[in-house]
Amino acid sequence: MKVLDVVLTPVAFADPPLLNAMGVHEPFALRGVVQLICEDGVVGLGESYGDLAFLEQVRKVLPELKGHDVFDLPGLRRKVATTLGEVVFADAHGLTGGFSVSKTVASVYSLFEVAALDAQGHYLGRPVVDLLGGKARDAVDFSAYLFYKFGAHIGAEADSWGEVTTPEALVGEARRMVDEYGFRSIKLKGGAFDPDQEMAGIRALAEAFPDHPLRIDPNAAWTVETGIRVAEELDGVLEYLEDPTPGIEGMARVAEKANMPLATNMCVVRFADIEPAFRQRAVGVILSDHHYWGGLRDTQALSITAECFDVGLSMHSNSHLGISLAAMVHVAAATPHLTYACDTHWPWKTADVIAPGALEFVDGAVAVPDKPGLGIELDPDALARAHEDYVRSGQTKRDDVTYMRKFVGNFEPNTARW
Ligand SMILES: O=C([O-])[C@@H](O)[C@@H](O)[C@H](O)[C@@H](O)C(=O)[O-]
Ligand SMILES: [Mg+2]
């Protein structure tokens, strides 16, 4: 089944002022939506980053795809690699680790791979999960993804979540998310405040939600010594400790003293990182992310590799829409070793580009759609509105640092600050 045309639409959707080690989320999160228009009226959908520098790489590949058979995935990857050459895409926040040629190819390929798998599924009348080997589970568990946050964007009214900087407010945020979605585990995005303040937040969550496994992720905002101290003080409280400190060597030093597993989506972000990280026993859990690990099938390859070394698998999330959630659900369902509840930013957004109803949270889990392909439908009006928002936003990249400086003039990113 040949590709006749490819449509790439940059979109934006409202995002609250969520805090992290790099600063604060801007009023809009950006994404790129791709439609592979194929023979027989089949359309395959993909979604990934919306930063202009990423979209420029994606655009280079578009003309190469016309006439490509959507069942030829190795050929698709070759086309992406050949077209991009030695280009390295680097985002402005670095929250998903370092940049490389291989990660750039993997990221651009992933966008098209998901769309091709969606198209394959439509053609065959089978859900993507079946193309990935079939369901290892019927529904995929997600965790409540808590953030400290400001009450309002600059010049805007307070959002419905309000300001969250204290343990009490954090518990309130968690309560709302757990009540609305039924999440059965909780992750706190840290790295925004002093670690003692964030540990107080975790302790308050542990008291309020004694049956929910807890994780904290400061995105490498701590030194090795602080990582070790937090691991000791939160021993018995955390399910895993995510990216306490930068780099494989630093993580290995924390891991040596920590009783809980260390998890990462920053120091192991491509296959070449696996050997040094595993050799140094730096991580016990990898957060997969098909957007930069080379798509859904490479996520499964990552899973098997991790399983061989007794390393667990979880899933990372940035701000995303329904096409990405569908892809995450299909691949997680088809990956037996992915046993940790996945991350998702889903509760933080209020709009989407897909028709509602296909992806529902019940008890914190999303049932795998059983319709063909990803099992979702693009809403053309919603896509047009999201594109208008993209144009209106004036944003061309995610830049949490610069936006934070509008709140705190002399702000510097918190990498290994504490
Ligand atoms: O959206 C955020 O602020 C997160 O910090 C995100 O960018 C990270 O990549 C991610 O959630 C993580 O787990 O590191
Ligand atoms: Mg993380």
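Position one of the sequence shown corresponds to residue 1 (the UniProt record's numbering), numbered consecutively onward. Note that the Cβ used here is the ideal one computed from N, Cα and C, for glycine as well.
Contact between Phe28 and Ser393 holds: their C-beta atoms lie close to 4 Å from each other, under 8 Å.
Taking the CA atoms as reference points, Asp343 sits about 30 Å from Gly155. The segment 235-289 contains, as complete beta strand (DSSP E) runs of 3+ residues, the segments 238-242, 262-264 and 285-288 (chain order). If you ignore the 5 residues before and after Phe89, its C-beta comes within less than 7 Å of the C-beta of Ala53, Phe54, Gln57, Phe99, Thr104 and Ser107, all in its own chain and listed in chain order.
The Cβ-Cβ distance between Ala231 and Lys257 falls below 8 Å. Secondary structure note for Phe411: it is in no beta strand (DSSP E), with a DSSP letter that is neither H nor E. Counting every other CB atom within 10 Å of its CB across the protein chains shown gives Arg279 a total below 16, marking it as exposed. Per DSSP, reduced to three states, the secondary structure at Ile154 is coil, with no helix or strand assignment. Taking all protein chains shown into account, Lys189 has 16 or more neighbouring C-beta atoms within 10 Å of its C-beta and is therefore buried.
Taking 7 Å as the cut-off, one finds at least one heavy atom of ligand 1 near enough to the beta carbon of Asp217.
Excluding the 5 residues flanking it on each side, Tyr240 has same chain C-beta neighbours closer than 6 Å at Arg215, Met260, Pro261, Ala263 and Val285, in chain order. According to the DSSP assignment, Arg297 belongs to the alpha helix (DSSP H) that extends over Gly295 to Cys308. In this structure the segment 13-24 lies against the segment 390-410, because at least three pairs of beta carbons, one per stretch, are closer than 8 Å. Rounded to the nearest whole angstrom, the C-alpha separation of Gly133 and Val408 is 49 Å. Following the DSSP letters along the chain, one finds Gln35 inside the beta strand (DSSP E) bounded by residues Phe28 to Cys38. A straight-line Cα-Cα distance of about 16 Å links Leu19 and Glu242.
Annotation for Ser324 indicates a beta carbon at 7 Å or more from all heavy atoms of ligand 1. DSSP lists no bridge partner for Arg184.
Counting other Cβ atoms within 10 Å of its Cβ, Cys267 reaches 16 or more and is therefore classed as buried. Non-local C-beta neighbours of Arg126 in its own chain, meaning closer than 7 Å and more than five positions away in sequence, comprise Pro372, ordered along the chain. The criterion of a C-beta distance shorter than 8 Å is satisfied by Ser314 and Tyr340.
Between ligand 1 and Lys397, a heavy atom-to-CB distance of less than 7 Å is absent.
Following the DSSP letters along the chain, one finds Thr9 inside the beta strand (DSSP E) bounded by residues Val3 to Ala14. At least one heavy atom of ligand 1 sits closer than 7 Å to the Cβ of Thr96. The continuous alpha helix (DSSP H) containing Tyr109 extends over residues Val101 to Leu124.
Around the CB of Thr82, fewer than 16 other CB atoms lie within 10 Å, so the residue is classed as exposed.
Going by DSSP, Leu73 is part of the alpha helix (DSSP H) stretching over Leu73 to Leu84. Cys38 sits buried, since 16 or more C-beta atoms from the chains shown fall within 10 Å of its C-beta.
The straight-line gap separating the alpha-carbon atoms of Glu86 and Val61 is approximately 14 Å. In the three-state reduction of the DSSP assignment, Phe54 falls in the helix class. Residue Val368 holds the alpha-carbon nearest to the alpha-carbon of Ala136 among Thr9, Ala144, Gly162 and Val368. Where Arg215 is concerned, the enclosing beta strand (DSSP E) starts and stops at Leu214 to Asp217.
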